[in-house]
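Visitor: Chains as they are written, first to last, in the working numbering: chain A, 1 to 273; chain B, 1001 to 1108.
For every residue, glycine included, the Cβ atom is placed at its ideal position computed from N, Cα and C.
Quick one: structure below, then a few questions.
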Amino acid sequence: MCASQRFLLTFTYLSEAEKTQNASQPRDVNMRRFVDLHLRPWINDPDQVERMVRKSPELGYRLVSIPLPPNVTRDKVDQLQSICSDAKIDFVSRVDFVPKTPGELLQDLRRFRRRFEVVSVACTSKSVARQAAKDRRVDLLSFPANDIHKRFFDRAEAELASKALSGLEIEMAPLLSLSGYSRIRLLSRLRREVAIAKRFNVPVVISSGATNEYLMRGPHDCAALATLFDMPLPYALRALSENPLAIVERNREKLSPGYVAPGVRVVRRKTGV
Amino acid sequence: MSRRLRKRYLALKIVSEQPVNERDIMNAVWKAVLQLFGEYGASKAGLSLIECNSQKNYVILRCSHTAVDVVRASVASITEMNGKPAVMHVLGVSGTLRALRRKVLLQG
């Protein structure tokens, strides 16, 4: 039996095993692990952080992320992690860069990328948006919700993001806080962006962006809100579970000590040399 | 011969700083549906209040089975009732009241 045949057999065996495993699991949406990648409490107010973190599992989330300042201390991260573990929820460290120039973005990425599990870039100019979209170290691209003219997610941006595996982040909080004409314009813009993202296979990530408990919504409610900008329900549920989870798992693997390259890990080191 | 209309029941939990009555709740729900889907959308929702429990802060609404997402999105967009911050979370959706009660009780 040649090597290629052996490989083929192994591959078939694995897929059969997967099929068996999938068949034994109920096809229930409750089996999904929902993720809120952007909870925005005031991190210097531990009470508010605790209230919001405790609320998340009640709403159905299994993993939350709170943006931290780049120069955050280890104690602060440990404190947040302990609050989350008390609430029986997984915590993901995240940093939001707001660079003014592409150079500033590169500098931030060089300095802080390895300290955080998720890196998001708030794109305030077109040049920053393009640089962020083509950089593989950037996980999420976010655009201001209150200024439609600064949402630079067009086809060129989507093409770059698709190649670099960056995702488009859509926050729900502005949809709740805006009203009237500004909400109409935001919905219209989001509809266009979601259509572009779908066409270029850019993963969309829906997050709450909540600054208090009153702006937090359950994953199924967020998915229902996403239908307002023509996002089909299964696609919206994926944007709340599989897509953010894939980003977190990919980065956790990259940040693990034995990681060398995709698919290559250090299994054992030779001792006594 | 027209087919029987299929319905869905939604159990909602209300989180508010002040106590709210069923009139405040329905006003907030109707206002949200009208804002997001207009009078045409609201007319197709077939929305009505089935039960309101002010002590336990939950309500049960009935709507057309085709309008569940419309009602869900509208309810999720509510941020205030009577000018005070308030939220409504969907606890469960079901085709019968009995199944809904069982589902919500199981969730605790």
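1) Quick one: residues in its chain with C-beta nearer than 6 Å to the C-beta of V98(A), no 5 flanking neighbours on either side, listed in chain order?
2) In terms of residues, what are the limits of the alpha helix (DSSP H) holding D1069(B)?
3) Can you find the residues in the same chain that come closer than 8 Å, C-beta to C-beta, to S1064(B), ignoring five residues on each side of it along the sequence?
4) By Cβ distance below 6 Å, which residues in the same chain neighbour K126(A) in space, the five residues on each side in sequence not counted?
5) Whole angstroms are fine: how far does the CA of H1089(B) sit from the CA of S166(A)?
6) Have a look at the DSSP bridge pairing and note the partners of E171(A).
7) Please go through the same chain and pick out, in chain order, the residues whose beta-carbon is closer than 6 Å to the beta-carbon of P144(A), but skip the five residues on each side of it.
8) With distances taken between CB atoms, is the gap from F229(A) to V204(A) smaller than 8 Å?
9) Measuring CA to CA, which of L80(A), I66(A), E171(A) and P232(A) is closest to K198(A)?
10) Sort out for me which residues DSSP pairs K1013(B) with in a bridge.
11) In or out: K275(A) buried (at least 16 other Cβ within 10 Å) or exposed?
12) Which residues in the same chain as L1034(B) place their Cβ atom closer than 6 Å to its Cβ, once the five residues preceding and following it in sequence are excluded?
13) Considering only residues of the segment 106 to 165 of chain A, which uninterrupted alpha helix (DSSP H) runs meet the minimum length of 4 residues and lie entirely inside it, listed in chain order?
14) For chain A, is any of its Cβ atoms less than 8 Å away from the one on T1066(B)?
15) Please list the terminal residues of the continuous alpha helix (DSSP H) segment that includes N1027(B).
16) What does the Cβ neighbour count give for S256(A), buried or exposed, with the cut at 16 atoms within 10 Å?
17) Considering only the alpha carbon of each residue, which of C84(A), G180(A) and M216(A) lies closest to L63(A)?
18) Between D147(A) and chain B, is any beta-carbon pair separated by less than 8 Å?
19) Are there 16 or more other CB atoms within 10 angstroms of the CB of V1059(B), so buried, or fewer, so exposed?
20) In or out: A1028(B) buried (at least 16 other Cβ within 10 Å) or exposed?
21) Can you find a CB in chain B that lies within less than 8 Å of the CB of T271(A)?
22) Starting from P67(A), trace the alpha helix (DSSP H) both ways and give me its first and last residue.
23) Going along the chain, which residues of the segment 1069 to 1103 of chain B sit with their C-beta nearer than 7 Å to a C-beta in chain A?
24) Using the Cβ count rule (16 or more neighbours within 10 Å means buried), how would you classify P219(A)?
25) Distance, Cα to Cα, R1062(B) vs L80(A)?
26) Is it the case that the Cβ atoms of L68(A) and S207(A) are separated by a distance below 8 Å?
27) Check the Cβ-Cβ distances between L1105(B) and every residue of chain A, and say whether any is below 8 Å.
Guide: So, from the data block:
1) A122
2) V1068 to A1076
3) L1005, R1006, K1007, R1008, K1044, A1045 and G1046
4) F152
5) 31 Å
6) S207(A)
7) K150
8) no
9) P232(A)
10) Y1058(B) and H1089(B)
11) Since the displayed chain A opens at 1 and closes at 273, residue 275(A) lies outside it and no answer follows.
12) A1042
13) 126 to 134 and 155 to 164
14) no
15) E1022 to A1045
16) exposed
17) C84(A)
18) no
19) buried
20) buried
21) no
22) Here P67(A) belongs to no alpha helix (DSSP H); instead the beta strand (DSSP E) covers Y61 to L68.
23) D1069, R1072, A1073, A1076, S1077, T1079, P1085, V1087, H1089 and V1090
24) buried
25) 41 Å
26) no
27) no
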